[in-house]
Amino acid sequence: MNRQCHFISSLIVLSFLVVSPVFSQQRYANFTPGKIWNDNNGVHINAHGGGIMEHKGVYYWFGEHKIAGPKGNSAQVGVHVYASKDLYNWKDEGIALSVSEDLKSDIAKGCILERPKVVYNKKTKKFVMWFHLELLGKGYAAARAGVAVADKPGGPYTFIKSYRPNPEKMPYYPEGTPGQEKVNCDKPANKSDGFFCRDLPGGQMARDMTVFVDDDGKAYHIFSSEENFTLHLAELSPDYLNHTGKFIRIYVGQQTEAPALFKKDGTYYMIGSGCTGWAPNAARWFKAASLFGAWKYMGNPCTSPGADLTYGGQSTHVLPASGKKGSFIFMADKWEPKNAIDGRYLWLPIQFEDDIVKIPWHDQWDLSVFK
Ligand code: DGJ
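Going by numbering that gives the first Met the number 0, 95 is the number at position 96 of the sequence shown; the sequence numbering is gapless.
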């Protein structure tokens with residue numbers, strides 16, 4: 000081969016390497032919490048405050064699409080969705096729910112739309128997305144739950160409505176609840192009870208949230224309420240599109256955010272955080288023999304240095320691990336409020352010591368940790 004020929008063939012190989020997705024695509028075989036995590040296009044995954052739904056062997060990761068700069072925490076685009084079969088490598092599937100250009104819409108561009116979670120309703124065969132919604136220009140005052148539906152897992156999702164759950168409804172109390180723990184709106188016993196009673200006519204505030212589907216197909220919406228002082232766990236209707244009016248209050252007055260709920264061997268577990276804006280704080284976990292309680296506060300599940308600040312993150316979801324029964328992944332966000340799009344993901348394996356939840360730190364790990 001003469002020199003010119005050699006030069007041309009080198010150019011061809013080089014351009015193939017650059018344009019071919021086979022070679023340009025980074026393949027992951029492990030998780031590296033807190034590091035940049037690229038999608039199939041080599042772009043850092045943009046699905047913050049997210050949750051994952053598995054459907055027919057494919058995982059769908061839904062989360063807040065953030066933009067660069069300090070205003071990036073407002074919803075300028077909508078809910079982003081990615082798909083994966085192995086949990087390491089994610090394909091960008093686009094925007095599952097778009098914000099509206101109509102300024103009168105509840106989900107008008109620039110509103111706050113956080114912590115989207117999608118569940119599949121086997122009876123209606125619809126995919127149902129719930130999220131925390133704040134109306135455009137009203138800061139965090141609206142505190143509503145929003146709901147959207149789709150026929151396909153990746154969407155597009157159609158927005159249905161937003162509202163404050165359970166107006167005029169009093170909490171449900173499991174048998175044996177002491178009288179002094181029951182809210183009395185004639186004489187609220189504390190700040191949180193006061194907010195609960197204030198909001199009784201119009202519905203309870205709904206901010207940080209998750210949705211959980213139990214083995215019997217019933218779904219529950221768990222959210223920070225009462226000015227973020229108390230969590231509510233509320234039953235959803237069989238179509239998952241409404242609240243039934245049955246709900247409990249959890250850890251009254253203790254300011255729990257970022258709830259993530261899961262079930263193992265018949266016991267219900269929940270991991271959440273404290274309430275310090277975008278700044279990290281210590282995680283907290285709870286367990287219960289029944290969804291309607293009583294839920295027991297169990298302390299901080301994190302066990303390595305950095306545990307007092309959840310390693311810089313805040314919980315968003317707990318994912319049953321790929322094909323490994325009884326194994327769960329703790330998913331958290333490391334927020335970057337000054338440049339929201341640069342927020343990172345902390346995924347860590349949950350360790351169980353009998354029914355005690357532990358989340359040690361790993362710089363790098365893979366699914367083989369689950370025996
Ligand atoms: C903490 C919440 O967990 C986030 O979802 C977000 O609402 C921020 N607070 C806003 O400060």
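Ideal placement from N, C-alpha and C gives every residue a C-beta, glycine not left out.
These figures come from a predicted structure and were not determined experimentally.
| Is the region 162 to 182 in contact with the region 285 to 302, if contact means three or more CB pairs nearer than 8 Å? | These segments touch.
| field | Given LEU240 as reference, the closest of TRP360, VAL117, LEU135 once Cα atoms are compared | value | Nearest in C-alpha terms to LEU240, of all of TRP360, VAL117, LEU135, is VAL117.
| query | Is VAL57 closer than 8 Å to ALA82 when the C-beta atoms are compared? | reply | For ALA82 and VAL57, yes; Cβs fall inside 8 Å.
| request: When you get a sec, list the residues whose CB is within less than 6 Å of any heavy atom of the ligand DGJ, chain order please. | output: Any heavy atom of the ligand DGJ within less than 6 Å of a residue's beta carbon puts that residue on the list, which reads GLY48, GLU113, ARG114, ASP207, GLU256, ALA257, GLY276, TRP277, GLN313.
| said: On the DSSP letters alone, give me the boundaries of the alpha helix (DSSP H) that ASP362 sits inside. | reply: Note, ASP362: premise wrong, no alpha helix (DSSP H); not H, not E.
| said: Mapping the DSSP letters down to three states, classify VAL21 as helix, strand or coil. | reply: With a pLDDT of only 45 at VAL21, under the threshold of 50, the placement of this residue in the model should not be trusted, and no figure is reported.
| task | Starting from LYS190, follow the alpha helix (DSSP H) in both directions and report where the run begins and ends. | result | Run containing LYS190: 190 to 197, per the alpha helix (DSSP H) assignment.
| If we call anything under 8 Å between Cβ atoms a contact, is ILE270 one with PHE351? | No, they are not a contact pair.
| Exposed or buried, what is LEU102 when buried is set at 16 or more other beta-carbons lying within 10 Å of its beta-carbon? | Looking at its Cβ environment, which holds fewer than 16 other Cβ atoms inside 10 Å, LEU102 is exposed.
| task | Express the C-alpha separation of ALA141 and LEU86 in angstroms, rounding to a whole number. | result | Straight-line measurement puts the Cα of ALA141 at about 35 Å from the Cα of LEU86.
| In three-state DSSP terms, what is ALA306? | In this structure, ALA306 counts as helix in the three-state DSSP scheme.
| said: Quick check on the burial criterion: 16 or more other C-beta atoms within 10 angstroms. Buried or exposed for ASN165? | reply: Buried.
| Which full runs of the beta strand (DSSP E) of 3+ residues lie inside the region 156 to 194, going along the chain? | Residue ranges of uninterrupted beta strand (DSSP E) with 3 or more members, entirely inside the region 156 to 194 and ordered along the chain, are 157 to 162.
| Can you round the beta-carbon distance between PHE222 and LEU230 to whole angstroms, since I take them to be within the 8 Å contact cut? | Contact holds; Cβ gap of about 7 Å.
| said: Less than 8 Å between the C-beta atoms of PHE30 and ASP238, yes or no? | reply: The answer is no: Cβ separation not under 8 Å.
| Per DSSP, cross-strand counterpart(s) of CYS110 | According to DSSP, CYS110 bridges with ALA74.
| said: As a quick exercise: from GLY48, GLY201, ALA28, pick the residue whose alpha carbon is nearest that of GLY342. | reply: For GLY342, the nearest C-alpha among the options comes from GLY48.
| message | ASP354 and THR266 - do their beta-carbons sit closer together than 8 Å? | response | The answer is yes: Cβ separation under 8 Å.
| query | Below 8 Å between beta carbons: does that hold for VAL80 and GLY153? | reply | Going by C-beta atoms, VAL80 is nearer than 8 Å to GLY153.
| said: Beta-carbon within less than 7 Å of PRO279's beta-carbon, same chain only, minus the 5 sequence neighbours each way: which residues are those? | reply: LEU308, THR309, GLY311, GLY312, GLN313.
| Limits of the beta strand (DSSP E) - the one that ALA257 falls within | Counted as a single uninterrupted DSSP element, the beta strand (DSSP E) harbouring ALA257 occupies residues 256 to 263.
| query | In whole angstroms, what is the alpha-carbon distance linking ASP192 and GLU256? | reply | If you take the alpha carbons of ASP192 and GLU256, they lie about 17 Å apart.
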